[in-house]
Structure formats: structure tokens, C-alpha cells
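Okay, structure first, notes after.
In my numbering, the protein residues as written are 151 to 330.
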């Protein structure tokens, strides 16, 4: 997964100079990233709109509302600024390279992915909202799922909806203590 992340880290926006490997991917990880970037929905994540600025591998450190130290890295953070330079929206994008295996109790692998990473993404969303004084609804979160076997499981962009923030499955609290 780290090597796929490293591929995406090299890209700010698709209209800017791109890494040479994108034209002729040599490694399996480069092939995964290149295949993903051929998909329109993935390309949207790397297409700059007016007022946007991207930060790859953005470190985030804060003290939570529960007085806990939080340290993490947001794979891609896209901030949207108004004409005065104020941040008016944020989009958190997290790359996932999990093997797409069936998971018991879930409709499919992608359903599991969304539920499994919800506590981490919720925390990132809340911290970014607080850091930029944004209402939570102005902070969107997507997972970019790029399984290594992109023939069987092509890349997919999974975006959390408002309804998905309304609940936190009990098992997530057990698996990831201190993240809620």
C-alpha cells in the first residue's frame, strides 16, 4: 500500500507536469495508480477547480475533545478558498489498498471498507472542520480504493454521505479504541 500511496503523492493536479512513470508504469504499484487515474471519477479527485489547493500527505496533530493526542496523516487534503483567500470547504481523500475479500456481515467489500474506516475518517473530518472553522457539512470525505488486483476489483471512489455520519457501529469502537 505504501508504494501506491507514493505514486499518488507525486501528483498535485492532472494539468501540472506529471511523473514519467504515468506514461509507462513499470512496477505493479505504478500500474495500479495509472489504471485508477484512467477512471473518470478518480480523475475528478486530481482535477483542480477554481480556488482549490491540494496537500499530499498532510500531517495532522491535535488534541481531541476528549483531551487525547491525535496524530495522523491525511493522504490528500483539498482546500477550496473564496476570492478573499478564506477556506470555505475541504475534501479529505484517503487511499486504501486493502485486498477485496468478502467480509462476513457486509453486502460487499466496499461496504466493509466504508464502515471499517468510518471512525478514522470521522475524526479527520472533525479536526479539519475545527482547524478551518468550517461547518461539518463543508468537509467531505472520500476513500479511494485501489486494490492491487485492479483487474478483478478496479479502483473505486467511495464518498461518505451525511447519513453515514449519523451512526457509529459498535464494533468500530472496539477495534479502534480512542479514535471516537
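Backbone N, C-alpha and C fix where the C-beta goes; we use that ideal spot for every residue, glycine too. The model shown is predicted, which means the values in this text are computed figures rather than measured ones.
Query raised in the report: When you compare only the Cα positions, how much space is there between residue 175 and residue 216?
Result: The residue you call residue 175 lines up with position 25 of the chain shown. The residue you call residue 216 lines up with position 66 of the chain shown. Using only the alpha carbons, I get a separation of about 45 angstroms.
Query raised in the report: Applying the criterion that 16 or more other CB atoms from any shown protein chain within 10 Å of the CB defines a buried residue, is residue 221 buried or exposed?
Result: In the chain shown, counting from the first residue as 1, residue 221 sits at position 71. Burial call: exposed.
Query raised in the report: So, residue 198 versus residue 229, is the Cβ gap smaller than 8 angstroms?
Result: On the chain shown, position 48 is the one that residue 198 refers to. On the chain shown, position 79 is the one that residue 229 refers to. Their beta carbons are not under 8 angstroms apart, which means residue 198 does not touch residue 229 by this criterion.
Query raised in the report: Touching or not, the segment 175-193 and the segment 303-311, by the rule of three or more beta carbon pairs under 8 angstroms?
Result: Because the criterion of three Cβ pairs below 8 angstroms is met, the segment 175-193 and the segment 303-311 touch.
Requested in this report: Look at the alpha carbon of residue 275 and the alpha carbon of residue 312, and state the distance between them as a whole number of angstroms.
Outcome: One-based indexing of the chain shown puts residue 275 at position 125. One-based indexing of the chain shown puts residue 312 at position 162. For residue 275 and residue 312, the distance between alpha carbons rounds to 12 angstroms.
**Report entry** CA-to-CA distance, residue 153 to residue 245, given in whole angstroms
**Finding:** Walking along the chain shown from the start, residue 245 turns up at place 95. Walking along the chain shown from the start, residue 153 turns up at place 3. Approximately 11 angstroms between the Cα atoms of the pair.
Query raised in the report: Name the DSSP beta bridge partners of residue 244, please?
Result: The residue you call residue 244 lines up with position 94 of the chain shown. Paired residue(s): 293.
Query raised in the report: Mapping DSSP to helix, strand and coil, what is residue 207?
Result: Sequence index remark: in the chain shown, residue 207 carries index 57 (1-based). In the structure shown, residue 207 sits in a strand (DSSP, three-state: E or B).
Query raised in the report: When you compare only the Cα positions, how much space is there between residue 299 and residue 260?
Result: As a working mapping, residue 299 is identified with position 149 in the chain shown. As a working mapping, residue 260 is identified with position 110 in the chain shown. Rounded to whole angstroms, residue 299 to residue 260 spans 15 angstroms at the Cα level.
Query raised in the report: Any idea what DSSP makes of residue 314, helix, strand or coil?
Result: Residue mapping note: residue 314 aligns to position 164 of the chain shown, counting from 1. In the three-state reduction of the DSSP assignment, residue 314 falls in the helix class.
Query raised in the report: Going by C-alpha distance, which of 162, 201 and 211 is nearest residue 281?
Result: Taking the chain shown and counting its residues from 1, one reaches residue 281 at position 131. The candidate whose alpha carbon is nearest that of residue 281 is 211.
Query - Where residue 152 falls: helix, strand or coil (DSSP) - result: Residue 152 sits at position 2 when you count from the first residue of the chain shown. Residue 152: helix per DSSP, three-state reduction.
**Report entry** Neighbourhood of residue 179 by C-beta, 7 angstroms cutoff - its chain only, sequence neighbours within 5 removed
**Finding:** Start at 1 with the first residue of the chain shown, and residue 179 comes out as number 29. The answer, listed in chain order, is 153, 154 and 157.
Query raised in the report: What first and last residue would you give for the alpha helix (DSSP H) that runs through residue 278?
Result: The residue given as residue 278 occupies position 128 in the chain shown. Looking at the DSSP string, the run of the alpha helix (DSSP H) that includes residue 278 is 268-281.
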